[in-house]
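Residue numbers (my numbering): 1 to 220.
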Amino acid sequence: MRAEPVRLDAVLFDMDGTLVDTEGVWWQAAAESAARLGLDLTDADVPHVLGQSVGHTAAHLAGAAPGTDERALARELDARFAELVARDVVPRPGALALLKALLAAGVTTALVTASPRRVVDLVLDVLGREYFAVSVSADDTVRTKPAPDPYLEAVRLLGADPARCVAVEDTPTGVASAEAAGCPVLVVPSVVPIPAAPGRTVLSSLKDADPELLRSLVGL
């Protein structure tokens, strides 16, 4: 007798670098603030900028520039990033097609991000709010990625089982968050290479993903 497939409760999408091409504008915002502080961003700064919250990046830059007001720097980064997102945000290849396919297939989706709520709202207007049952921003949990809290909050809001929710991520920070929450992960790396691992599948583009593939990742 053929076994029934494990149910897919939801697909939980990261935002920056996964659904929209905002990693570049986030790097730009951080580089502009760094330059004002007399700093140059290098590859060594990537883990402290890409995939990180505004607060984490502000703390990182302030640590390299003694005397910097960390909170003021965070506000500066936040404002500049929101300005750049509103002007330059672009969906990643395959993102809209996958969201449309999941909606047509009746698969619940959520947006789970380390970006602040006002940036999330800008991106939701670009992508289409109708695709997401819930969204979780950096403002909605005490801890953000790489802690599991954002994904656990999304699962709680959906009344779902994390083991039956596939997270879609692009950075090591996001992958760590999703895996700590107990979600199987589909990784589409944006900048930093990420290897496949148990419970983790890697694709080169969202154009290669569809509802059938995402369902197959539950229970691996």
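Note that CB positions come from ideal geometry on N, CA and C, so glycine has one too.
Which residue's Cα is closest to the Cα of F13: P189, G199, V166 and R200? For the set P189, G199, V166 and R200, the Cα lying nearest the Cα of F13 is the one of V166.
Going by Cα to Cα distance, which pick from A44, E179 and A95 is closest to A197? By alpha-carbon distance to A197, the top candidate from A44, E179 and A95 is E179.
In chain order, what residues of the same chain lie with their CB nearer than 7 Å to the CB of R118, ignoring the 5 residues before and after it? A82
Any idea which residues DSSP pairs R200 with across the strands? V185 and A197
Give every residue of the same chain whose Cβ lies closer than 6 Å to the Cβ of A181, excluding the five residues on either side of it in the sequence, and list them in chain order. P148, Y151, L152 and P162
First through last residue of the beta strand (DSSP E) which encompasses L98: If you look at L98, you'll find it isn't in any beta strand (DSSP E); it sits in the alpha helix (DSSP H) that goes A95 to A104.
Spatial distance of L8 from V192 (CA atoms): Spanning the two alpha carbons is a distance of roughly 28 Å.
Identity of the residue in G159, V218, V112 and A105 nearest S137 by Cα: Nearest in C-alpha terms to S137, of all of G159, V218, V112 and A105, is V112.
When burial is assigned at 16 or more other CB atoms within 10 Å of the CB, is R129 buried or exposed? exposed
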